[in-house]
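**Q** Below you will find the structure I want to go over with you.
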Amino acid sequence: MNNSANTDTPKGDRIAKVLARAGVASRREAERMIEAGRVSVNGSQITSPALNVTDADRISVDGKPLAEPEPPRMWLYHKPTGLVTTTRDEKGRGTIYDDLPEDMPRVMSVGRLDLNSEGLLLLTNDGGIKRQLELPSTGWLRRYRVRVNGRPSEDALEPLRKGITIEGERFLPMTVTLDRQQGANAWLTIGLREGKNREIRRAMEAIHLSVNRLIRVSYGPFQLGELKQGEVEELRRKVVRDQLGLVLEDDSGTASKKPTAVKRAPRKSFKPRR
Numbered sequence: 001m002n003n004s005a006n007t008d009t010p011k012g013d014r015i016a017k018v019l020a021r022a023g024v025a026s027r028r029e030a031e032r033m034i035e036a037g038r039v040s041v042n043g044s045q046i047t048s049p050a051l052n053v054t055d056a057d058r059i060s061v062d063g064k065p066l067a068e069p070e071p072p073r074m075w076l077y078h079k080p081t082g083l084v085t086t087t088r089d090e091k092g093r094g095t096i097y098d099d100l101p102e103d104m105p106r107v108m109s110v111g112r113l114d115l116n117s118e119g120l121l122l123l124t125n126d127g128g129i130k131r132q133l134e135l136p137s138t139g140w141l142r143r144y145r146v147r148v149n150g151r152p153s154e155d156a157l158e159p160l161r162k163g164i165t166i167e168g169e170r171f172l173p174m175t176v177t178l179d180r181q182q183g184a185n186a187w188l189t190i191g192l193r194e195g196k197n198r199e200i201r202r203a204m205e206a207i208h209l210s211v212n213r214l215i216r217v218s219y220g221p222f223q224l225g226e227l228k229q230g231e232v233e234e235l236r237r238k239v240v241r242d243q244l245g246l247v248l249e250d251d252s253g254t255a256s257k258k259p260t261a262v263k264r265a266p267r268k269s270f271k272p273r274r
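Taken in order, the sequence shown gives residues 1 to 274; the numbers are from UniProt numbering.
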């Protein structure tokens with residue numbers, strides 16, 4: 001059998017991966033930019049992401065040379081309510097990027113919090129980190145403090161702990177603790193690993209409870225702590241590089257090592273614009 005074809009594997013990395021690692025956009029967004037004709041390699045416009053590039057190739061986006069990628073960086077951000085987690089909003093609503101300090105570099109959010117949710121949001125300048133932390137296989141526990149209108153009993157919450165199906169969509173079991181009843185409202189602590197769209201709100205509606213406040217207090221080993229609304233704190237690069245234990249994905253989108261717990265470390269703090 002002739003195996004010579006196996007020696008013809010193109011060198012380098014896929015162009016969309018290179019753009020994502022440089023912080024231009026997520027890999028999916030980078031593919032859309034390529035298809036829209038916004039990317040050139042060695043002076044020639046490309047429209048297909050099926051291209052490998054090396055350090056010797058000259059890449060430009062919208063006519064501007066691709067900057068050298070910065071080392072991977074991560075920030076903790078306390079998202080307020082009333083902001084969407086997108087770069088632009090077709091309805092003209094404010095975004096988290098309008099709220100971030102002006103001296104922040106270009107960053108991407110790891111996952112999202114919806115308009116009416118608040119709390120911890122991870123930000124990164126590296127598309128590889130973003131993709132890795134969003135993979136279901138990463139499996140980081142996200143904890144939320146949730147205020148609901150009503151008087152839930154332990155029996156009423158049990159379906160959430162076992163896993164619930166809503167309109168044909170299966171939600172994995174959640175950890176649910178009834179913390180206290182406060183007048184007409186109750187406070188719960190909820191932990192989940194999936195992070196589907198509006199997962200907690202939809203799950204509460206399914207057991208006839210209405211969420212009137214939702215705060216993410218942790219994402220894996222990272223804690224919201226005393227971070228005030230709108231504030232951003234950068235994790236030390238040593239934490240990102242060493243203690244996270246991240247291995248950025250290869251071309252198959254998999255990783256050989258799972259993130260490990262980290263201790264809180266000194267960080268650079270950014271004040272909100274407001």
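Glycine residues also receive a C-beta, built at the ideal position from the N, C-alpha and C atoms.
Verify whether the separation of the beta carbon atoms of V217 and R161 is less than 7 Å.
**A** no
**Q** Here's a check: name, in chain order, each residue in its chain whose Cβ is nearer than 6 Å to the Cβ of N212, leaving out the five neighbours to either side.
**A** R147, N149
**Q** Quick one: grab the DSSP three-state call for V107.
**A** coil
**Q** Restricting to Cα atoms, I'd like to know which of V18, A22, P72 is closest to V239.
**A** P72
**Q** Given that a residue counts as buried once 16 or more other Cβ atoms are within 10 Å of its Cβ, and exposed if not, what is A186?
**A** buried
**Q** Can you tell me whether DSSP reads N125 as helix, strand or coil?
**A** coil
**Q** Taking L51 and I15 to be in contact with their CB atoms under 8 Å, please state how far apart those CB atoms are, rounded to whole angstroms.
**A** About 5 Å; that satisfies the 8 Å criterion.
**Q** Within a Cβ cutoff of 7 Å, which residues of the same chain sit near Q181, ignoring the five residues on either side of it in sequence?
**A** R151
**Q** Tell me which residues share the same chain as R145 and place their Cβ nearer than 7 Å to its Cβ, disregarding the 5 neighbours each side in the sequence.
**A** W187, T189, I215, V217
**Q** Taking the DSSP output, what are the residues bridged to Q229?
**A** Looking at the DSSP assignment, Q229 forms no beta bridge with any residue, so it has no partner.
**Q** With respect to the beta strand (DSSP E) encompassing E194, which residues constitute its N-terminal and C-terminal limits?
**A** Counting along the chain, E194 falls outside any beta strand (DSSP E), and DSSP gives it neither H nor E.
**Q** What does DSSP give as the partner residue(s) for K64 in the beta ladder?
**A** V61
**Q** Per DSSP, which residues does R147 bridge with? Please list them.
**A** W187, R213
**Q** Could one say the Cβ of L133 lies closer than 7 Å to chain B's Cβ atoms, at least one of them?
**A** In summary, chain B is missing from the structure at hand, where a single protein chain is found.
**Q** Taking the alpha carbon of K17 as the point to measure from, which residue in L172, A30, R93 has its own alpha carbon closest?
**A** Minimum Cα distance to K17 is reached at A30.
**Q** By alpha-carbon positions, which one of P101, Q229, A206 ends up nearest to F171?
**A** A206
**Q** Residues in the same chain with beta-carbon distance under 7 Å from K11, minus the five sequence neighbours each way, listed in chain order, please.
**A** Excluding the 5 residues flanking it on each side, K11 has same chain C-beta neighbours closer than 7 Å at N52, T54, in chain order.
**Q** Measure the beta-carbon distance from T95 to V84 and round it to whole angstroms, keeping in mind my assumption that it falls under 8 Å.
**A** Contact holds; Cβ gap of about 5 Å.
**Q** Count the other C-beta atoms from every protein chain shown that fall within 10 angstroms of the C-beta of R32, then say buried if there are 16 or more, exposed otherwise.
**A** exposed
**Q** For S26, count neighbouring Cβ atoms within 10 angstroms of its own Cβ and tell me buried if that reaches 16, exposed if not.
**A** buried
**Q** Going by beta-carbon coordinates alone, are T81 and E118 separated by less than 7 Å?
**A** yes
**Q** Pick helix, strand or coil for I34, following the three-state DSSP scheme.
**A** helix
**Q** Classify P152 as helix, strand or coil using the three-state DSSP reduction.
**A** Secondary structure at P152: coil, using DSSP grouped into helix, strand and coil.
**Q** Give me the Cβ distance between E199 and L192, rounded to the nearest whole Å; I'm assuming they're in contact under 8 Å.
**A** 6 Å
**Q** Using 10 angstroms around the beta-carbon of L19, count the other beta-carbons present and answer buried if the total reaches 16, otherwise exposed.
**A** buried
**Q** Provide the residue span of the beta strand (DSSP E) that contains R21, from first to last.
**A** Run containing R21: none in the beta strand (DSSP E); it sits in the alpha helix (DSSP H), 15-21.
**Q** Our contact map puts I34 next to S48 with C-beta atoms below 8 Å; I'd like the distance itself, whole angstroms only.
**A** The Cβ separation is near 7 Å, so the contact holds.
**Q** For the alpha helix (DSSP H) containing D98, list its first residue and its last residue.
**A** Its alpha helix (DSSP H) spans residues 96-99.
**Q** So, are the CB atoms of K130 and M108 less than 7 Å apart?
**A** Yes. Within cutoff.
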